[in-house]
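Q:
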Amino acid sequence: MQYEEILRTFEQYVMGTYTRHLAVFVRGRGCELIDLKGNKYLDFFPGWAVSGIGHCHPMVVSAVKDQVRKIIHISNNYYSVQQGKLAKKIIEKSFPGRVFFCNSGAEANEGAIKISRAFGNPDRYQIISMQNSFHGRTLATLTMTGQEKYKKCFEPLPEGFKTVPFNDIFAVQNAITDKTVGIIVEPIQGEGGINVAQKEYLNQIRQICDKKNILLIFDEVQTGMGRTGKMFAYQHYEIKPDIMTLAKTLGGGLPIGAVVASKKVCDVLSPGMHASTFGGSPLVCAASLAVFKAIEKEHLLSNVLKMSEYIFEKVGLLKIKHQIIKEVRGIGLIIGIELKCQGKTIVEKCFEKKLLINCTQGNVLRLMPALVVTKKQIDQGIGILDEVFSSI
Ligand SMILES: *Cc1c(COP(=O)(O)O)cnc(C)c1O
Numbered sequence: 001m002q003y004e005e006i007l008r009t010f011e012q013y014v015m016g017t018y019t020r021h022l023a024v025f026v027r028g029r030g031c032e033l034i035d036l037k038g039n040k041y042l043d044f045f046p047g048w049a050v051s052g053i054g055h056c057h058p059m060v061v062s063a064v065k066d067q068v069r070k071i072i073h074i075s076n077n078y079y080s081v082q083q084g085k086l087a088k089k090i091i092e093k094s095f096p097g098r099v100f101f102c103n104s105g106a107e108a109n110e111g112a113i114k115i116s117r118a119f120g121n122p123d124r125y126q127i128i129s130m131q132n133s134f135h136g137r138t139l140a141t142l143t144m145t146g147q148e149k150y151k152k153c154f155e156p157l158p159e160g161f162k163t164v165p166f167n168d169i170f171a172v173q174n175a176i177t178d179k180t181v182g183i184i185v186e187p188i189q190g191e192g193g194i195n196v197a198q199k200e201y202l203n204q205i206r207q208i209c210d211k212k213n214i215l216l217i218f219d220e221v222q223t224g225m226g227r228t229g230k231m232f233a234y235q236h237y238e239i240k241p242d243i244m245t246l247a248k249t250l251g252g253g254l255p256i257g258a259v260v261a262s263k264k265v266c267d268v269l270s271p272g273m274h275a276s277t278f279g280g281s282p283l284v285c286a287a288s289l290a291v292f293k294a295i296e297k298e299h300l301l302s303n304v305l306k307m308s309e310y311i312f313e314k315v316g317l318l319k320i321k322h323q324i325i326k327e328v329r330g331i332g333l334i335i336g337i338e339l340k341c342q343g344k345t346i347v348e349k350c351f352e353k354k355l356l357i358n359c360t361q362g363n364v365l366r367l368m369p370a371l372v373v374t375k376k377q378i379d380q381g382i383g384i385l386d387e388v389f390s391s392i
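Counting in my numbering, the sequence shown runs from 1 upward without gaps.
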């Protein structure tokens, strides 16, 4: 199919739920994408962090090739080698407990909600979430999401959710009632504009949760799997959650989500209470195991730390040079550049110069290069940003 024909097919047959840039991508490797016309792009926003260890990572490709010949899917009424191995790996890298597998971030958060409700049943059901959070697009997760724009047109919304300002411990305290069973936080708000949770804030939430037997849930769908230089972002803090949700980078490009539940709550769901037909198939679990292997064998966490220092230094220089930059935020390789103006044209101009980035909250440019990014690629990307900032 030729370029124009592909666009026409989308126009006619694919629902218009996304704004799309005019590119048809046919190949990806590491931080690079190739379009139908053979143009090469530098990808600093790899599939919203799904391709977090780079496009078509060789270890993921070989694990998938190997697995796909043997068995792709079996129902969760039987056992597979890969699902058990992956659960063990996730637990070894996080905290003692057990894992439930599903297929996306929203579904993982749904699982966390259901565990919380089952835990609180019959007296407690309410979950507190943060303003500017993002937890997914299903009815329950969008209700929990602290941004009104996602909820418009979809009322009536499910009950039992309350949103409070982020990084405000008093707001959390005031919102707690005898119906509260869970508090969900992203250690770093991604969609919300790269807002980092303060240490003291999370410590205090942990204390409140312990005191009142409330579950602390960390949504690490975006921040997990090495993005911040630790395997999970909460590991920058001295505390642990009761439940952690994962997706995006976890599958190395394949769809997977996981609810990681600590000892305290991992046996709340018994057979029949929750399920996912596709969840945790041998194929996606093999891919995910390869992601862990790549992070370990290629020392990607230490690469994140090195590249983080480098990119923050470079972005810092951009800030000195360009008045338009208001603030730079982030940890590891999740970087927010808050502008004094809207960021849409900058994203478009970067796209024209073949650099892929994102803008959230209208004025926060978001860079999330793959964990395998090199200094040379950072130089290239920052060079393009510099040109674009200079041109406006
Ligand atoms: C992307 C994201 C989700 C939703 O994940 P989907 O796979 O799109 O359902 C949930 N929480 C956070 C923090 C995210 O970044």
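Ideal Cβ positions, reconstructed from N, Cα and C, are used throughout, including at glycine.
Taking the DSSP output, what are the residues bridged to Ser262?
A: Start at 1 with the first residue of the sequence shown, and residue 262 comes out as number 262. Gly97.
Q: Consider the C-beta atom of Ser129 and the heavy atoms of ligand 1; say whether any pair is separated by less than 7 Å.
A: Counting from one through the sequence shown, the residue named residue 129 turns up at place 129. It does not: the Cβ of Ser129 is nowhere closer than 7 Å to a heavy atom of ligand 1.
Q: Should Phe100 be counted as a contact of ligand 1 given a C-beta to heavy atom distance under 7 Å?
A: Taking the first residue of the sequence shown as position 1, residue 100 is located at position 100. The answer is no for Phe100.
Q: Taking all protein chains shown into account, do 16 or more other C-beta atoms lie within 10 angstroms of the C-beta of Glu309, making it buried, or fewer, making it exposed?
A: The residue you call residue 309 lines up with position 309 of the sequence shown. Glu309 is exposed by the Cβ-count criterion.
Q: Would Leu393 be called buried (16 or more neighbouring beta carbons within 10 Å of its own) or exposed?
A: For the chain, the structure presents residues 1 to 392; residue 393 sits outside this window and is missing.
Q: Taking all protein chains shown into account, do 16 or more other C-beta atoms lie within 10 angstroms of the C-beta of Asp123, making it buried, or fewer, making it exposed?
A: Here residue 123 refers to the residue found at position 123 of the sequence shown. Residue environment: Asp123 is assigned as exposed (fewer than 16 neighbouring CB atoms within 10 Å of its CB, all protein chains considered).
Q: When the Cα of Lys353 is compared with those of Lys340, Ile382, Ser51, Ile239, which residue comes out closest?
A: Taking the sequence shown and counting its residues from 1, the one referred to as residue 353 is at position 353. When each option's Cα is compared against that of Lys353, the closest is Ile382.
Q: Am I right that Gly280 and Gln67 are in contact with their C-beta atoms under 8 Å? What's the rounded C-beta distance?
A: For the purposes of this step, residue 280 is taken as the residue at position 280 of the sequence shown. For the purposes of this step, residue 67 is taken as the residue at position 67 of the sequence shown. The Cβ separation is near 13 Å, so there is no contact.
Q: What separation, rounded to the nearest whole angstrom, lies between the Cα atoms of Thr138 and Ile194?
A: By 1-based counting over the sequence shown, the position of residue 138 is 138. By 1-based counting over the sequence shown, the position of residue 194 is 194. If I take the Cα positions, the gap works out to 22 Å.
Q: Go through the region 232-315 residue by residue and report every complete run of the alpha helix (DSSP H) that reaches 4 residues or more, in order.
A: Those alpha helix (DSSP H) runs which fall completely within the region 232-315 and span 4+ residues are 282-297.
Q: Going by DSSP, which residues form a beta bridge with Cys31?
A: As a first step, residue 31 must be located in the sequence shown, where it is residue number 31. Per DSSP, none; premise fails for Cys31.
Q: Apart from the five residues just before and just after Ile205, which ones in its own chain have a Cβ nearer than 8 Å to its Cβ?
A: Counting from one through the sequence shown, the residue named residue 205 turns up at place 205. Same-chain partners within the cutoff: Ile169, Val172, Ile183, Val185, Leu216.
Q: Among Asn132, Ile243, Lys376, which one has its Cα closest to the Cα of Phe90?
A: Sequence index remark: in the sequence shown, residue 90 carries index 90 (1-based). Here residue 90 turns out to be Ile, not Phe, going by the sequence shown. Out of Asn132, Ile243, Lys376, Ile243 has the C-alpha closest to the C-alpha of Ile90.
Q: Is the beta carbon of Asp35 less than 8 Å from the beta carbon of Ala23?
A: As a working note, residue 35 is residue 35 in the sequence shown. As a working note, residue 23 is residue 23 in the sequence shown. Yes, they are a contact pair.
Q: Terminal residues of the continuous beta strand (DSSP E) containing Lys40?
A: On the sequence shown, position 40 is the one that residue 40 refers to. Start and end: 40-43.
Q: Who are Asn358's beta bridge partners in DSSP?
A: Taking the sequence shown and counting its residues from 1, one reaches residue 358 at position 358. Looking at the DSSP assignment, Asn358 forms a beta bridge with Arg366.
Q: With a threshold of 8 Å, are at least 3 pairs of Cβ atoms found where one atom belongs to the region 282-297 and the other to the region 37-51?
A: no
Q: Heavy atom of ligand 1 less than 7 Å from the Cβ of Ala106, yes or no?
A: Locating residue 106 in the sequence shown gives position 106, where the first residue counts as 1. Flag set: Cβ of Ala106 near ligand 1.
Q: Mind reading off the beta-carbon distance from Lys240 to Phe95? Whole number of angstroms is fine, and I expect it under 8 Å.
A: The residue you call residue 240 lines up with position 240 of the sequence shown. The residue you call residue 95 lines up with position 95 of the sequence shown. About 5 Å separates the two Cβ atoms, so the contact holds.
Q: Between His135 and Leu142, what straight-line distance do the alpha-carbon atoms span, to the nearest angstrom?
A: Position 135 of the sequence shown, counted from the first residue, corresponds to residue 135. Position 142 of the sequence shown, counted from the first residue, corresponds to residue 142. Answer to the nearest angstrom: the Cα atoms are 6 Å apart.
Q: Classify Glu327 as helix, strand or coil using the three-state DSSP reduction.
A: In the sequence shown, the residue the question calls residue 327 occupies position 327. If DSSP states are grouped into helix, strand and coil, Glu327 belongs with the strands.
Q: How big is the Cα-Cα spacing for Gly30 and Leu371?
A: Taking the first residue of the sequence shown as 1, we reach residue 30 at position 30. Taking the first residue of the sequence shown as 1, we reach residue 371 at position 371. Answer to the nearest angstrom: the Cα atoms are 9 Å apart.
Q: Under a three-way DSSP split, which group does Ile6 fall into?
A: Position 6 of the sequence shown holds residue 6. It is helical.
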